[in-house]
């Protein structure tokens with residue numbers, strides 16, 4: 138009987154811990170990125186602290202949690218906010234990985250960041266079609282994409298041609314998304 142109670146209550150307790158940790162993730166949106174090198178930026182948009190990085194052996198847990206949370210969010214505006222936050226964390230993580238001289242993993246993380254940003258834009262389009270208020274998230278998307286492009290431009294100071302080509306490809310993707318955000322704002 139006692140084992141059954143443990144099997145019932147353990148998932149419930151873990152679920153509540155999971156939900157509480159997600160709430161704190163949204164609160165971290167205003168925490169600036171900690172980096173070993175100070176980067177002078179033009180943008181006032183602050184990237185959140187990325188948490189554990191993709192080079193950590195436990196990172197798969199964070200990635201799994203993000204996928205589960207994204208799946209559980211039904212509201213398109215909230216999903217856009219979550220995807221934007223995740224995108225911001227990934228670009229900050231890519232910056233930290235580059236500081237550790239992990240260029241290839243940094244590029245992969247930038248690509249995933251851009252994918253999350255694309256998902257955020259798609260969620261905003263969906264919200265706009267259903268008549269939901271999207272002004273606040275569109276403003277955040279616009280500021281965020283400028284910051285992402287700025288981070289990539291700062292990363293291009295590395296003297297590695299293959300790395301620069303990969304960065305330029307990702308920057309082109311972000312510029313297309315910036316145009317799409319501007320189009321959505323004017324609709």
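In our numbering, the protein residues as written are 138 to 324.
Using N, Cα and C, we set each Cβ at its ideal position, and we do this for glycine too.
Contact between the segment 252-265 and the segment 207-223 (3+ Cβ pairs under 8 Å): yes
Residue 270 versus residue 308 - alpha carbon distance: 29 Å
Three-state class that DSSP yields for residue 294 in the structure shown: In the three-state reduction of the DSSP assignment, residue 294 falls in the coil class, being assigned neither a helical nor a strand state.
Residues near residue 350 in its chain [Cβ-Cβ closer than 7 Å; skip 5 each side]: This structure does not reach residue 350, given that the chain is present from 138 up to 324, and the question cannot be answered.
Closer than 7 Å: residue 246 CB and nearest the ligand ATP heavy atom: Because no ligand of any kind appears in the structure shown, any question about the ligand ATP cannot be addressed here.
Euclidean distance between Cα positions of residue 194 and residue 201: The C-alpha of residue 201 is placed about 13 Å away from the C-alpha of residue 194.
Proximal residues to residue 275 (C-beta, below 6 Å), its chain only, five neighbours per side dropped: Within the same chain, 322 come within 6 Å of residue 275 by CB-CB distance, once the 5 residues on both sides are set aside.
8 Å CB neighbourhood of residue 281 in its chain, flanking five on each side removed: 182, 221, 224, 225, 254
Which of helix, strand or coil DSSP assigns to residue 127: Only positions 138 to 324 of the chain appear in this structure, which leaves residue 127 out of reach.
Beta carbon of residue 243 nearer than 8 Å to that of residue 235: yes
Bounding residues of the alpha helix (DSSP H) (the contiguous stretch that carries residue 247): 240-266
Span of the alpha helix (DSSP H), counted from its first residue to its last, around residue 222: 213-236 is the extent of the alpha helix (DSSP H) around residue 222.
Nearest-angstrom Cα separation, counted from residue 208 out to residue 229: 23 Å
Length of the line joining the Cα atoms of residue 192 and residue 185: 18 Å
CB of residue 135 within 8 Å of CB of residue 289, strictly: Outside the shown range of the chain (138 to 324) lies residue 135, about which nothing can therefore be said.
Inter-residue spacing [alpha-carbon to alpha-carbon] between residue 197 and residue 298: So the two alpha carbons sit approximately 30 Å from each other.
Selected residue, minimal CA-CA separation from residue 324, among 293, 272, 312: 272
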